[in-house]
Structures are given as C-alpha cells and as structure tokens.
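Here's the structure we're looking at; comments come further down.
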Amino acid sequence: MLWLIITISAYFILAVVFLIDKYLLVGPIPNPKIYAFYVGVLGIFVLLIVPFIGFYFPNSFEFFLALISGASFTYGIYWFFKALKLFESSRIVPAVGGILPIFTFLLIFIFSKGKETLTALGFLSFILLILGSFLITYEKTKEISLKSLKMSLVAAFLFALSFVSAKYIYLSAPFLVGLVWIRIGGCLAALTFLLSRGLWEEIFKEKITFQRKTFLIFISNQAAGAGGNILQNWAVALAPLIYVAFINALQGIQYVFLLIFTVLLSLKFPRLLKEEVSKTVLFQKIAAILLIGGGLVLLAIR
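At position 247 of the sequence shown (counting the first as 1) the number is 247 in my numbering, and the numbers step up by one without a gap.
See the structure below:
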C-alpha cells in the first residue's frame with residue numbers, strides 16, 4: 001500500500017501549492033494567462049534529470065504512449081482552464097473530480113479487455129471516494145449547465161487518458177525514464193499552441209516585473225508543485241493497474257487538506273481565503289470527509 005501513502009503525500013503538497021497559487025493570482029500575479037505561461041515553461045526543467053538516469057530511447061510503442069500521455073495532460077489542462085475561464089470553479093471542479101476516476105476505471109477495463117476488475121469491497125470504496133470528492137467541492141447554488149458539463153467531460157477524459165497511458169509506460173519502462181518521455185510528449189503538445197494566431201502577442205503584450213519576494217515564492221511553489229506531480233506519477237507507477245482510478249478518486253483528500261488550511265488561515269488572511277461557514281456548508285463538508293474517510297478505510301482493508 002506504499003502507493004496509497006505516496007498519493008496522500010502528493011495531495012498534501014498539491015493542496016499547499018494550490019493555496020500559494022491562489023495568493024499569487026489574487027495579488028502579485030493577477031493575470032492567470034501569464035501565470036500559466038510561466039508555469040508551463042518551468043515544467044520543462046524535468047529534463048535536467050536525464051544526465052542522472054542515462055539516455056534511453058523508448059521503443060515505438062512506449063514513445064507513442066508517452067506522446068499520448070503527455071499530450072493528453074497538456075490538452076486536458078487547456079480544456080480545464082478554458083472551462084474555469086467561462087464558468088465558476090464550483091461548477092467545473094466537482095464535475096471533473098467526479099467524472100475523472102470513472103473515465104480512468106472505464107479505460108483500464110477496456111484496455112485490459114475486462115481482466116482488471118474490483119472486488120465488491122473495492123468498488124464500494126471507489127464509490128465512497130468519488131462521492132466524497134464531489135461533495136466537498138460542490139455548491140448547491142451553482143448548477144452545472146450543459147455547456148460546462150461538456151467541457152468538464154472533455155477535460156476529465158483527457159486527464160484519464162493521460163493517467164492510464166502513463167501507467168502502461170511505467171509497466172514497461174523505468175519510472176524516471178517514463179516520466180521524462182511523458183514530459184517530452186507534453187512539451188511537444190504545448191508547442192502546437194504556438195500555431196495559434198496572435199499567441200505570442202497575447203503572452204508577451206504585458207511586461208511582468210517580479211519583486212524578489214514574489215519571484216522566490218513563485219519558484220519555490222513551482223518546485224513544490226513539480227514534487228507533488230512526481231509523487232503522483234510515482235503512485236501511478238506503483239499502484240496495481242485497476243487502482244490507478246483510485247489515485248484520481250482520492251483527489252478529495254486534497255480538498256480535505258485545503259479545508260483544514262482554510263480553517264487555520266482564514267482569520268489571518270481573509271482576502272486570500274474566503275470560505276462560507278454556514279451550518280449547511282459545514283454539514284456538507286463533514287459528510288464529505290466522512291465519505292472519504294470511509295472509502296480510505298475500506299481501501300486499506302480490502
């Protein structure tokens with residue numbers, strides 16, 4: 001169950017990263033497009049580990065999977081942020097979070113030709129984790145429209161395809177080698193965005209001047225985010241094939257950590273963290289945490 005511990009650790013780190021991202025986006029770096037651009041550029045630095053792992057050229061099948069995994073993740077991010085731009089996050093995040101593990105499970109079932117299945121206890125754990133992840137981010141006043149649901153479906157499917165194809169790479173190639181080639185696939189996909197007319201103008205039309213403090217926070221946060229993503233991929237590499245879907249379903253743990261951080265920090269940083277604390281919302285959050293906790297217990301004793 002080492003993969004489960006690694007997954008929880010990854011979501012703890014990513015929860016911290018999310019909070020700092022939010023701070024930067026509401027303060028020093030208010031333009032999310034510029035922010036996303038610099039995040040993408042810094043992601044290329046995973047190639048720096050190549051001298052330490054040795055050069056390895058994958059076979060055609062591994063290269064194809066790496067291209068699919070990296071490209072799917074890049075395009076998934078595009079659709080996810082496009083949806084966030086058009087709709088409230090309280091519509092998109094629960095939809096993607098709830099649909100993603102289902103797509104992952106279905107893709108694994110299809111690619112394994114039905115050989116990978118869950119026990120009754122495992123399936124119950126899976127359902128509880130999905131429900132908890134959905135409930136902890138859902139807001140009743142924000143209904144999901146058909147258009148937002150379609151965009152959420154596209155993003156969730158692309159993320160699921162990325163996770164599943166990454167798992168098949170890790171089954172045949174060393175973890176760090178697979179990770180590097182997946183990132184190469186993601187970079188190649190990102191380059192296709194440069195074909196869009198006026199993209200360079202849109203990226204560079206604003207001159208961003210970082211204060212030293214902001215720059216250090218930004219760089220440190222991206223390093224932490226990279227560490228969290230590497231841990232997440234390591235969990236994918238270690239987990240049994242069918243349990244890759246659980247790594248997606250466990251994302252609700254990230255929001256549990258966020259909720260805890262919110263309670264601890266909202267009094268000191270009210271502009272950064274504004275959390276509704278009505279009785280209804282509090283009951284909903286508690287119910288979600290209980291569902292996620294129940295799912296974890298069943299997963300641990302499966």
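For each residue, glycine too, the CB sits at the ideal point set by N, CA and C.
Around the C-beta of N59, fewer than 16 other C-beta atoms lie within 10 Å, and the residue is accordingly described as exposed. Within a 10 Å sphere around the beta-carbon of L131 sit 16 or more other beta-carbons, which makes this residue buried. By the neighbour-count criterion, in which a residue is buried when 16 or more other Cβ atoms sit within 10 angstroms of its Cβ, M151 is buried.
Counting every other CB atom within 10 Å of its CB across the protein chains shown gives P94 a total of 16 or more, marking it as buried.
The beta carbon of S162 sits closer than 7 Å to the beta carbons of S69, S72, F73, G76 from its chain, once the five residues preceding and following it are set aside; these are given in chain order. The C-alpha of L291 lies about 5 Å from the C-alpha of L128.
In the same chain as V180, and ignoring 5 residues on each side of it, the C-beta atoms closer than 8 Å to its own belong to V46, L47, I49, V50, I53, in chain order.
Taking the Cα positions, V96 is about 7 Å away from L153.
For A239, the three-state secondary structure derived from DSSP is coil. Judged by DSSP secondary structure, L84 falls within the alpha helix (DSSP H) whose first and last residues are 60 to 86. Taking the CA atoms as reference points, A190 sits about 44 Å from K279. Cβ-Cβ distances below 7 Å link G295 to S125, L128, L129, G132 in the same chain, with the five nearest sequence neighbours on each side left out; the list follows chain order.
Apart from sequence neighbours up to five positions away, the residues of its chain that approach F175 with a beta-carbon distance below 8 Å are N233, W234, A237, ordered along the chain. Between F103 and F18, the C-beta spacing is not below 7 Å. Straight through space, the alpha carbons of I230 and A66 are spaced by roughly 15 Å. Cβ contact annotation for A160 (same chain, cutoff 6 Å, sequence separation greater than five): L100, F103, T104, L107, in chain order. The alpha-carbon of Y170 is positioned some 38 Å away from that of Q284.
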